Structure formats: C-alpha cells, structure tokens
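Report on the structure given below.
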Amino acid sequence: KFACYSGIVPFEYSSGTSLRGKSRVSHFADKKMKSILHMASLAAIKHDAEIKNYYERKKQEGKHSLLIINNVKCKIISRAFAVIFRNTPFVNTYKFVS
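Residues 1 to 98 in full-length UniProt numbering are what the sequence shown lists, from first letter to last.
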C-alpha cells in the first residue's frame, strides 16, 4: 500500500478484455515521497553493492533504466518496512553470500 501511495506501482488501463496504452502510476501519489525515493534509489545504486549489481545485471538484460530504478525503489521500501516490522537493524547478507 505504501508503494502505491508513493507512486511506484504501475496501473494498466484495461476494460477486462483489452489493454489500452502503457501502464502508468497513480496521479494521487505523493510527489514529494516519490522524489525522495528516487534520490535514495540513485544513491543506493552508487553506494550499495547489492543494488549496484542488480542494476547492472538488469541493464545488461536490456531493461530500461527508469524501470530498474522503479524496482530499486520497491527494494528500498521493502527493506525499510522489514526493519520496522522486525524491530531489528538491517543486516547486509549480500557480502556473506558471495
């Protein structure tokens, strides 16, 4: 729900049987939150090894850069809510896996 509120979940135009145009984000989204998440995702791509590798891998697969940044925003929201609900600090397990 927070991802939808912050404007990163795309909605498709459909009438049940046909699709009309590209999917777009909700115009009710909080623009300030969306811009904060965008800047956070750009910083995470530069400084977080896990997200940087994810970005480069998806870019090599031919994905559009804004689509990848949108996915990074979802990852940031997931991390934040996991920390809040678990009531524990974030543990970077990426360095232990590789």
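Heads up, the beta-carbon is just placed ideally off N, CA and C, and yes, glycines get one too. Owing to the predicted nature of the structure, the values given are computational and were not obtained by experimental measurement.
Next item on the list: Could you tell me which residues DSSP pairs with P89 in its beta bridges?
Entry: Per DSSP, none; premise fails for P89.
Next item on the list: Hey, could you find the ends of the alpha helix (DSSP H) H52 is sitting in?
Entry: Note that residue 52 corresponds to Lys in the displayed sequence, not to His. Here the alpha helix (DSSP H) through K52 covers 49-60.
Notebook entry, point to check: Pairing CB atoms from the stretch 52-67 with CB atoms from the stretch 32-40, are three or more of them under 8 Å?
Noted result: no
Margin query: Do I68 and residue 100 have their beta-carbon atoms positioned less than 8 Å apart in this structure?
Written below: Given that the chain is displayed from residue 1 to residue 98, the structure contains no residue 100 and the question cannot be resolved.
Notebook entry, point to check: Considering only the beta carbon of each residue, do I77 and A3 sit closer than 8 Å?
Noted result: yes
Next item on the list: May I have the straight-line CA-CA distance separating P10 from N87, to the nearest angstrom?
Entry: 30 Å
Notebook entry, point to check: Quick one, are the C-beta atoms of K73 and S41 less than 8 Å apart?
Noted result: yes
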